[in-house]
Every structure is written in C-alpha cells, then in structure tokens.
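Novice:
Number of protein chains: 2
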Amino acid sequence: MTVGGIDLSGSATIVRPAAINILSRHELEACKRCDARHQGLCDALHDDDLHFLSDAAHRSAIAKGEVFVTEGNPARNFFNINQGAAKLYMDLADGRRQITGFVGVGDFVGLAAGTRYAFSAEAIEPVQLCRFDRIELRAVSARFPVIERRLLEIASHELVIAQEQMLLLGRKTAIERVASFLEGWYRRTLCADPGAPLDLPMLRGDLAEYLGLTIETVSRVLASLRRQGVVAVAADHRISILDHARLAAIGQTFA
Amino acid sequence: MTVGGIDLSGSATIVRPAAINILSRHELEACKRCDARHQGLCDALHDDDLHFLSDAAHRSAIAKGEVFVTEGNPARNFFNINQGAAKLYMDLADGRRQITGFVGVGDFVGLAAGTRYAFSAEAIEPVQLCRFDRIELRAVSARFPVIERRLLEIASHELVIAQEQMLLLGRKTAIERVASFLEGWYRRTLCADPGAPLDLPMLRGDLAEYLGLTIETVSRVLASLRRQGVVAVAADHRISILDHARLAAIGQTFA
DNA sequence: CGGCTATTTGAGTCTAGTCAAAGCCTGTGG
DNA sequence: CCACAGGCTTTGACTAGACTCAAATAGCCG
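Order-wise, the sequence lines are chains A and B.
Its first residue numbered 38, the first sequence is counted upward by one per residue in the working numbering.
Its first residue numbered 38, the second sequence is counted upward by one per residue in the working numbering.
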C-alpha cells in the first residue's frame, strides 16, 4: 500500500477500522465533519488513515481573549485551528507588541519554536482547536512521512508570508501597509463574491500591532482610503473593497 | 535506479560504498572535509549514508555580486552554502529593497518558496555552494526521512528568526535595531574570544536594507554607539563590542 | 438612558528620511 | 612613492511621515 507515493506496507493491516474503539470512532466522525478537514495538516491523510491523527488530537475550546500559547514556555504542543481566529505576537519588555500573524480555520500553529515557543497566541474569537503533543505527532509522522512533508510545506508557506511581512514592515508606508493587508486578507478569505464585505475579526489596535503602526495612523489611513473611494468602512468591523486594482496598486502587491 | 528522477527503489542495496565510482568517491571526500559538513542539512546523515546527498549535490562557485536566486523564478533548487556569505532580499517596483536575511557557511537556502522563489539571493562574498534539485532531494529524503525532519527543523528555526525580525522592523527604534543586529551577529559567529572584533561582510547599505533604515541612519547610530563606548568601529568592516551588557540592553534582546 | 470600550479626529512633536557635501579608504598607474 | 579616481562612509541641515497626547464621537450592552 502506498499513500502519497510513500511505502506504508503493513500499517493499514495492523489497525483496521473495525478495531477502532467507540470513543475513537466518535471523534473520527467529528474529524471528518471538521471545517479544517481538507486544509493544512489534516488534509495530508486519507479518510482511511485519519484516525491516526484523530486519536492523537486533544480537542479544546478557547475563550475569546484567552492566551493559549505563551512566549518562552516549553514548546510541547502544536495546534490546529478548527473554529475562530487568533493572533500570534511577540512582546518587548516595555509593552510594545508586534503581532506576527493572524490564524484562522485550518491554520497550523506552533512551528515557530525550538525547545520554547518564540511567540504567544491569543484567541480573538472563540476558538475550537486540536492540540497535538509534539512527541505524539512525531510518532504519527514516523508512520506517515507525508505528515512531515506537509508540515514542511506549511512552514515554507509561512516563511514566504513572513518575508512579505518583513518587506511591509521595513519598507512600506502606512497607506501601503494597510492596502497590502486588506488585499491580502481579501485573498485569504476569498470565498465567492468578490464584492462581499471583508470580515475583520481583529480590533484596530490589533491591526496596528500587526502593521507596525499606531491605532491612530491605521484609523487615519482607513479614513483616507474611504475618502478616495477605494474602500467602504462599516461600523461592524466590515470593510468593502470598492476598487481592487487601486488597492493593489497602492499596496504594491503584485505577487 | 535513477538519480535525477524520483525512483530510487533498491538503490541502497545496488550502490554499496565499494561500488561508488571514482568521481563520486572524490566528491564524497570533499563533502567530508566541507566546512558545512556538520551543520544543517548535511549533518543529518552519517558518513555511511552521506554519498546519497553528495551524489545529489551540484557544486558551484558564485562570484561576489552575482545573483543566484531571482524572486519570481520557478523554485527548482535548494542551496547549501559551503563558503562565503549571501544576502536574501525582496524588492518593490520602485527599487525599495528589504533584505530578509544573511546566510553563511552551513546555511540552507530556498525553503521560502512555493512553486516560485519568494526572494532573490546575491553573494556578498565569493560563495561556494551545493545546489540540490528539489526533485532529487525529495528522492533522497524519501529514503531518509531524517532529511525531511531536518529541513523542518531548519524551517522552524528560520520562522523564529523571521518573527524576531518582524518585531525588530515593526517596533524597535533605530538604535535598538542596530544593537539587536550586532548582538545577534555576535551570537551567530561566536567562535572563541568574546572580545574579538566582529567581521561584518556586508556594506552599510546592506545593513540599512536589512534593518529597515537608511545608510545615513545606520551610520549615525553606529557613531552614537561608538561615542557611548559600547562598540569600536574599525574601517575594515570590523566592529568590536566593548560592552555586551549595554548592547543587549539597548537592543532589548533577552532571548 | 448611562457606562464602557472602541474609534475617529485634531494639534503639536519627534524620529528617521532626504538632500547635499565632505572625508576616507583602496586600488591603479605614473 | 605619491596622485588620482572611484566607491563607501560620515556628517550636517532641513523635511516629512508617523507618533504622542488630547478630546470628541460612535457603538454596544446592561
């Protein structure tokens, strides 16, 4: 038997679906219905093998505002977001904070760590996630090397994002940063209607801490983009992009 | 067996050390004497298995100033630096540039890519490197999963570095950026004598493009650190750190 | 309707950028 | 050995974009 072109001889014959216990089967079904089933890590395994991941997953709910990863703590777990959204950030001693990323459904959290986490993570919406013990996940990936390969792909993608963010933080002006962000967020949440308003789950303060700006500057820049007719800013954290071409041009996003 | 293709079935039994051809053996010996032998990727395999990597490596010399990776080009290769140093960067259309990292001996280049490179790479010193075709390297890693694991470790480490750089670019002042850089460079090149002057292979302009500043600001900040007695700046791109504690305090580097 | 938080707007300041010029190395050739 | 050319670096004067401080406005939820 091969999965993803890799020889897995014997593995499927040792643990057959019929041998899965009731609890495991129940969670496996939850797994198959999960919004994140066909994204990132979980998409690496076929339904037949999914129980290996499902059995390793510890499901939990995180309240809005709760910090579930703390910078400097021993990096014992990975996380996969199934519901909601969170911000990842690093702090300086005097309180200055840089948000290094926002994660949502299907995103994998915890790669940016050696023996200790290099970042903190806080839910900005109620979050449902699967926690994986690093040791346990390593055991699963020893059986399914495709998992390690997928993690590498995820890490590579995150590196690309990180470098684009360095370009943004190091070289772009305030208006370029905001425009880049909106255009990038639009592409991420691209669902159906290109004209549908974007849902921004984060506060202005989060946006500022992500873009290396202050709340006031973000607010002023959004007002300016609104006056230019590029976006429409609603009160309920929704922003409609009225002129994509102009937004992309301002944001210097030709990627 | 094919090398350059994907199928390597049975290769370990077909190609025994005794069966390695002269050229291959010669390069393997070069491999074992390589400055990068016990770092990063190459450290993943024991001497006994090293020839699998050695055979996949295409060695080449890159002149100072030569660009060997171009942003946007198809990402067909990985690179491992054996000698010299290079800068990795992204450009905006109007010429603004952000250097996303410097790489030296033992560093692995090319993870930050999907189907196309997200960055460009230019030698800032004469470089010797091993080029790996991604397909070929994948074939080797299919046989030695430890390689994929090592790549994941490398990517994780790069993510940590990238996040620290985002914190620097988004939240630190000019003097904090320069101090952070010097302290970080010191830790990287930590060889023996803590008082030995640091060798900075890059120009002031590179430093500025790495730190999100201008040449003039970098120069002014270095002058300020010199006047404060924190560093001694020599003309030949060498800088001695006179007061590590103070430098670390200024740079807010407590990691 | 209040009380609270989030956001917007305004006025003034400051850090780092821009423009300009001088100084300093390094290598070359007389 | 010295003069010169070129690029790199430093320093100075001024500017500008983003920050700080402050106040007004707008949502939200009891």
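We put the CB at the ideal spot given by N, CA and C, even for glycine.
#1: Are the beta-carbon atoms belonging to Val-197/A and Ala-155/B less than 7 Å from one another?
#2: To the nearest whole angstrom, what separates the beta carbons of Glu-162/A and Lys-124/A, a pair I think is in contact under 8 Å?
#3: Quick check: the Cα distance between Trp-222/A and Ala-285/A, rounded to an integer number of angstroms?
#4: Looking at the unbroken beta strand (DSSP E) that takes in Val-270/B, where does it start and where does it end?
#5: Label Asp-72/A either buried or exposed according to how many other C-beta atoms from any shown protein chain fall within 10 Å of its C-beta, with 16 as the threshold for buried.
#6: Starting from the beta carbon of Ser-193/A, find every residue of chain B whose beta carbon is closer than 8 Å, and list them in chain order.
#7: Would you say Leu-45/B lies against chain A (beta-carbon separation less than 7 Å)?
#8: Which chain B residues sit within Cβ distance under 8 Å of Arg-241/A?
#9: Does the distance between the C-beta of Phe-145/B and the nearest non-hydrogen atom of the ligand NAP fall short of 6 Å?
#10: Leaving out the 5 sequence neighbours to the left and right, which residues in its chain are closer than 7 Å to Ser-97/A when beta-carbon positions are compared?
#11: At 4 residues or longer, what runs of the alpha helix (DSSP H) sit wholly inside the segment 171 to 244 of chain A?
#12: Looking at the secondary structure, which residues open and close the alpha helix (DSSP H) in which Thr-254/A lies?
#13: Using a Cβ cut-off of 8 Å, pull out every chain A residue sitting near Val-197/B, in sequence order please.
#14: Do you know how far the Cα of Gly-151/A is from the Cα of Glu-173/A?
#15: Is Thr-290/B near Glu-220/B, with beta carbons less than 7 Å apart?
#16: Looking at C-beta atoms only, is the number of pairs between the segment 205 to 214 of chain A and the segment 88 to 96 of chain A that lie closer than 8 Å three or more?
#17: Give me the chain A residues within the contact set of Gln-135/B, using Cβ-Cβ distance strictly less than 7 Å, ordered along the chain.
#18: With a Cβ-Cβ cutoff of 7 Å, do Ile-212/B and Val-258/B count as a contact?
#19: If you drop the 5 nearest sequence neighbours on each side, which residues of the same chain put their C-beta closer than 6 Å to that of Ser-48/A?
#20: Return no unless some Cβ of chain B is closer than 7 Å to the Cβ of Glu-103/A.
#21: Using a Cβ-Cβ cut-off of less than 7 Å, list which residues of the segment 220 to 237 of chain B approach chain A; keep chain order.
#22: Rank Arg-153/A, Ile-278/A, Leu-82/A and Gln-135/A by C-alpha distance to the C-alpha of Ala-199/A and give the top, closest one.
#23: Which residues in chain B sit within 7 Å of Ala-186/A, going by Cβ to Cβ distance?
#24: Quick check: the segment 174 to 193 of chain B against the segment 229 to 241 of chain B, are there 3 or more CB pairs under 8 Å?
#25: Give a yes or no on whether the C-beta atoms belonging to Val-270/A and Arg-263/A are separated by under 7 Å.
#26: Residues of chain B with a CB under 8 Å from the CB of Pro-182/A: which are they?
#27: Bridge partners of Cys-167/A, per DSSP?
#28: Near Leu-250/B, which residues of its chain fall below 7 Å by C-beta distance, leaving aside the five closest residues on each side in sequence?
#29: I need the boundaries of the alpha helix (DSSP H) containing Ala-155/A, first residue and last residue.
#30: Give the DSSP-derived three-state secondary structure of Asp-131/B in the structure shown.
#31: Could you tell me which chain A residues have their CB closer than 7 Å to the CB of Leu-189/B, listed as they occur along the chain?
#32: From the beta carbon of Gly-249/B, is the nearest beta carbon of chain A less than 7 Å away?
#33: List the residues that DSSP assigns as beta-bridge partners of Tyr-298/B.
#34: Per DSSP, what are the beta-bridge partners of Ala-150/A in this structure?
#35: Any beta carbon of chain A sitting closer than 7 Å to that of Gln-76/B?
#36: Quick check on the burial criterion: 16 or more other C-beta atoms within 10 angstroms. Buried or exposed for Asp-92/B?
Specialist: In this structure, then:
#1: yes
#2: Actually they do not touch by this definition, with Cβ atoms about 10 Å apart.
#3: 12 Å
#4: 268 to 270
#5: exposed
#6: Leu-148, Ala-149, Ala-150, Gly-151 and Ala-192
#7: At Leu-45/B, the pLDDT of 40 sits below 50, so the modelled position is not reliable and the matter cannot be decided from this model.
#8: Chain B residues near Arg-241/A: none, gap ~16 Å exceeds 8 Å.
#9: This structure lacks the ligand NAP, and indeed carries no ligand of any kind.
#10: Leu-166 and Arg-168
#11: 171 to 180, 182 to 208 and 211 to 226
#12: That run of the alpha helix (DSSP H) goes 252 to 264.
#13: Ala-149, Ala-150, Gly-151 and Ala-155
#14: In a straight line, the C-alpha of Glu-173/A is about 17 Å away from that of Gly-151/A.
#15: yes
#16: no
#17: Residues of chain A passing the Cβ test: Met-203, Leu-204, Gly-207 and Arg-208.
#18: Result yes, Cβ atoms of Ile-212/B and Val-258/B sit closer than 7 Å.
#19: Here Ser-48/A scores only 46 on pLDDT, less than 50, and its place in the model should not be relied on; the value that follows carries that caveat. So the qualifying residues of the chain are Arg-180.
#20: no
#21: Nothing from the segment 220 to 237 of chain B brings a Cβ to less than 7 Å from some Cβ of chain A.
#22: Gln-135/A
#23: It should be noted that the sequence gives Arg, not Ala, for residue 186/A. The contacting residues are Glu-185.
#24: no
#25: yes
#26: Ala-179, Pro-182 and Glu-185
#27: Arg-96/A and Asn-117/A
#28: Ala-211 and Arg-214
#29: Taken as a continuous stretch (DSSP letters only), Ala-155/A belongs to no alpha helix (DSSP H), as it is neither H nor E.
#30: coil
#31: Glu-185, Leu-188, Leu-189 and Ala-192
#32: yes
#33: One cannot answer for residue 298/B here, as it falls past the ends of chain B, which runs 38 to 292.
#34: For Ala-150/A, the pairing in a beta bridge is given by DSSP as Tyr-154/A.
#35: no
#36: buried
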